[in-house]
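In our numbering, the protein residues as written are -1 to 329.
Using N, Cα and C, we set each Cβ at its ideal position, and we do this for glycine too.
Structure representation (structure tokens):
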């Protein structure tokens, strides 16, 4: 009996040591904050602009709420329209995020510290890493601009939407499999959604900014340890006179935020809502590499793998693109 007890004690000690040495689990979060407030009406001198600015934040946080890794990005989806309500931008146009644009975003000349947007975003990421949400929300701002001297040397742009997105990302973060030391990436695609149309005698025109976002964590071998994929469809409407007709200050929710209110379940051949299929896809790619994900069999953008079709039947081309993009920039 004593021998058995000794063996059990040894096993318990070994398990305790193994647990102590194993990387601790981190929570993964993703949030998007969209605004159409920069949209402009058409005039005789200039076309109007339906513009949606979507700020996306991906985070890895520990159980104490400390940010261990963070990626910040913004995509501006812009389509022009005339004084007759005709869209004048090619509907096939896709939009790079501000980080993807890099120096081409061309903010450096207007910056009082000579820093481009991506440089300031990276500086802010570094600044908030190791902080809790309370500390991030405590950053001193004036009209959305930082006033802390230790921050203004590297960040002078408006960060109010970024802080809002950080708060949402931290608050909705979940244990999905990420571990300490994992890399984190954020991928974004954006273009015109299917509801985009010119204004006519039948009704207002619509620009639908349709964006996908993917927060993905990777282990040292490049295998996916966690992921969250979301999408937003933000509509800006305008009349045949080129006047804006929609509320530009609305609460624009993503598909994950809408949940069952997105109302795709009845149209789904497997009776699954959009968020359920997104979560199923993320479960499916866990443990895979980006190359594995890019190798998923598709037919016209829809999954063809039988083991995936049981839980995901919607178009996933953009899902794969954002995972690929996240892998390319993960750090």
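Following the DSSP letters along the chain, one finds residue 318 inside the alpha helix (DSSP H) bounded by residues 315 to 327.
Residue state for residue 116 is assigned as helix, using DSSP reduced to three classes.
Pairing residue 232 with residue 50 gives a Cβ-Cβ distance under 8 Å.
Judged by DSSP secondary structure, residue 229 falls within the beta strand (DSSP E) whose first and last residues are 222 to 236. Note that the C-beta distance between residue 319 and residue 185 is below 8 Å. The shortest C-alpha to C-alpha distance from residue 284 to any of 226, 260 and 140 is the one to 226. Runs of the beta strand (DSSP E) lying entirely within the segment 105 to 182 and spanning at least 3 residues, in chain order: 172 to 177.
DSSP places residue 295 in the coil class of the three-state scheme, outside both helix and strand. Relative to the Cα of residue 194, the nearest Cα in the group 229, 323 and 206 belongs to 206. When the alpha-carbon of residue 158 is set against those of 79, 177, 168 and 138, the nearest one is in 138.
Distance between residue 68 and residue 301, taken at the CA atoms: about 30 Å. With contacts defined as CB atoms closer than 8 Å, residue 240 and residue 91 fail to qualify as a contacting pair. In the DSSP assignment, residue 51 falls outside any alpha helix (DSSP H) and within the unbroken beta strand (DSSP E) covering 46 to 59. Closest in alpha carbon position to residue 146, among 220, 122 and 279, is 122. The alpha-carbon of residue 247 is positioned some 7 Å away from that of residue 34. In the three-state reduction of the DSSP assignment, residue 71 falls in the strand class, which pools E and B. About 11 Å separates the CB atoms of residue 64 and residue 25; that is not less than 8 Å, and the two are not in contact. Between the C-alpha atoms of residue 180 and residue 329 there is a straight-line separation of about 8 Å.
Out of 31, 113, 23 and 85, the CA that lies nearest to the CA of residue 62 is found in 23. Between residue 257 and residue 167, the beta carbon gap of about 17 Å keeps them out of contact (Cβ cut-off 8 Å). Here the alpha carbon of residue 177 sits roughly 13 Å from the alpha carbon of residue 219.
A distance below 6 Å between beta-carbons, with the five flanking residues on each side excluded, links residue 162 to the following residues of its chain, in chain order: 31.
For residue 306, no beta strand (DSSP E) encloses it; the enclosing alpha helix (DSSP H) starts and ends at 304 to 307. Note on residue 175: 16 or more other CB atoms within 10 angstroms of its CB, so buried under the neighbour-count rule. Around the beta carbon of residue 75, a 10 Å sphere encloses 16 or more other beta carbons of the protein chains shown; the residue is thus reported as buried.
Going by DSSP, residue 246 is part of no beta strand (DSSP E) at all; its letter is neither H nor E. Linking residue 254 to residue 210 through their CA atoms gives a straight-line distance of about 11 Å. Residue state for residue 268 is assigned as coil, using DSSP reduced to three classes. Take residue 103, set aside five residues on each side of it, and the residues of its chain with a beta-carbon closer than 8 Å to its own are 96, 114, 115 and 116, in chain order. Taking all protein chains in view, the Cβ of residue 277 is crowded by 16 or more other Cβ atoms within 10 Å, so the residue is classified as buried. With 16 or more other CB atoms across the displayed protein chains lying within 10 angstroms of its CB, residue 187 is buried. In chain order, 225, 226 and 227 place their CB closer than 7 Å to the CB of residue 280, counting only its own chain and leaving out the 5 sequence neighbours on each side. Counting of Cβ neighbours within 10 angstroms places residue 270 among the buried residues, the total reaching 16 or more. Taking a contact as a CB-CB distance under 8 Å, the pair residue 183 and residue 327 counts as one, their CB atoms being some 5 Å apart.
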